[in-house]
Amino acid sequence: MKKITALFLLTILLFPVLNWAQTSIDRTSKILVISDIDDTLKVASARNKIEFLVLMNTTVQFTGMAELFSELDKNWGSQIQFSYVTNSPYYIESSRKKFLAQNRFMDGLVFYSPSLNDENHKYVSIRKLLSDKTPTHVIFLGDNSNRDAQVYFDIANEYKPQGMQFFTFIHRLYQDKVMVDPVQYFSYITSIEIAKKLNKDQLMDKAHYENFLKLIYPQIASEIDTGQKPSQNSQAFPKFIQCSDFKWSLPFDFNLIKLQVFLLKLCK
Numbered sequence: 045m046k047k048i049t050a051l052f053l054l055t056i057l058l059f060p061v062l063n064w065a066q067t068s069i070d071r072t073s074k075i076l077v078i079s080d081i082d083d084t085l086k087v088a089s090a091r092n093k094i095e096f097l098v099l100m101n102t103t104v105q106f107t108g109m110a111e112l113f114s115e116l117d118k119n120w121g122s123q124i125q126f127s128y129v130t131n132s133p134y135y136i137e138s139s140r141k142k143f144l145a146q147n148r149f150m151d152g153l154v155f156y157s158p159s160l161n162d163e164n165h166k167y168v169s170i171r172k173l174l175s176d177k178t179p180t181h182v183i184f185l186g187d188n189s190n191r192d193a194q195v196y197f198d199i200a201n202e203y204k205p206q207g208m209q210f211f212t213f214i215h216r217l218y219q220d221k222v223m224v225d226p227v228q229y230f231s232y233i234t235s236i237e238i239a240k241k242l243n244k245d246q247l248m249d250k251a252h253y254e255n256f257l258k259l260i261y262p263q264i265a266s267e268i269d270t271g272q273k274p275s276q277n278s279q280a281f282p283k284f285i286q287c288s289d290f291k292w293s294l295p296f297d298f299n300l301i302k303l304q305v306f307l308l309k310l311c312k
């Protein structure tokens, strides 16, 4: 009991709570989810060229990501759309289609890069999506293997004057700092944190959040306890993760204490 209490106090002290703004959303809103694929949805090890090639044709998702999209779809129905913008080049399109289909990610447009070194690809593709779909709310999902945070930050600043609201989630898999003010995005390690933040921002209601938690949290807790993937096709904590600069930024939740304490140790 003393050990648990000490860990609880450490969690409170070392994981600061940020004051995240609430959003204004109703049944007339149009929500667009724009997600990267590699190292955001798919375990890819994009920073390591050899590992990336080894994992090229695998279909292992980060635990709960497909289910998160499904729960959002159930929550909002015709008001929400999904799209995927990846730096993966068009000539590996078949492997990414297989990944999305096998894990039952929501249907949506997929934009591939015309080359490995096209730094403007995501800007061009996202601008096209925003112009065509004219959403009121945009959920960005990316990771820190590349420039996702910067791209999303730039696009948000460009389109905010049009009244769009943006919510950016960055998967912290690598140690180096993202060159964007952390206030501009939400850092996460697992899909649980995304769901909790979406619920806090009124982008996922309580019932759908609890459904998601009931389904996914036991899988992540099992991986914490055993060190083994919960299934052949999902993993929350790949071996290549380096998250020493990650800090939990959500209000303390006793129901998630196993995850919070584990992340305190993992990301020390």
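Residue numbers (this note's numbering): 45 to 312.
The C-beta atom is built at its ideal place from N, Cα and C for all residues, glycine as well.
Keep in mind that this is a model prediction, so the values were computed, not measured.
Excluding residues up to 5 positions away in sequence, V195, D198 and I199 lie with their Cβ nearer than 8 Å to the Cβ of Y167 in the same chain. Residue pairing by DSSP places G186 opposite I214 in a beta bridge.
Where I233 is concerned, there is no enclosing alpha helix (DSSP H), because DSSP gives it neither an H nor an E. The three-state secondary structure of K74, taken from DSSP, is coil.
Annotation: L217 to S278 spans about 16 Å, alpha carbon to alpha carbon. The way I'd put it, the region 106-126 doesn't touch the region 284-301; fewer than three beta-carbon pairs between them come closer than 8 Å. Under the DSSP assignment, N131 falls outside any alpha helix (DSSP H), being part of the beta strand (DSSP E) whose first and last residues are I124 to P133. S157 counts as buried, since no fewer than 16 other beta carbons sit within 10 angstroms of its beta carbon. The residue from Y229, V227, D192 and T180 with its alpha-carbon nearest to that of P205 is T180. The shortest C-alpha to C-alpha distance from N101 to any of G186, S235 and Y135 is the one to Y135.
Going by beta carbons, F211 and D245 fall inside the 8 Å limit. For V154, DSSP records a beta bridge to Y128. Shown here for P274: same chain residues with a beta carbon closer than 7 Å to its own, the five before and five after excluded, namely T107, Q263, S266 and E267 in chain order.
Of all C-beta pairs linking the region 229-238 to the region 74-92, fewer than three are shorter than 8 Å, placing the two stretches out of contact. Taking 8 Å as the cut-off, the beta carbon of F281 is found no closer than this to the beta carbon of L303. By the C-beta density criterion, M223 is exposed, having fewer than 16 other C-beta atoms within 10 angstroms. Taking 8 Å as the upper bound for CB-CB distance, V182 and I78 are in contact here, some 6 Å apart.
Along the region 76-118, the alpha helix (DSSP H) occurs as fully enclosed runs of 4 or more residues at 93-98, listed in sequence order. DSSP places S266 in the helix class (H, G or I) of the three-state scheme. Going by beta carbons, A239 and L112 fall inside the 8 Å limit. As DSSP reads the structure, S278 sits in a beta bridge with Q105 and S275. Per the coordinates, the alpha-carbon of T84 lies some 18 Å from the alpha-carbon of F256. Approximately 4 Å separates the beta-carbon atoms of M150 and F126; this is inside 8 Å, confirming the contact. One thing to note: N188 has its Cβ within 8 Å of the Cβ of I214.
Annotation: the continuous alpha helix (DSSP H) that includes R140 extends over E137 to Q146.
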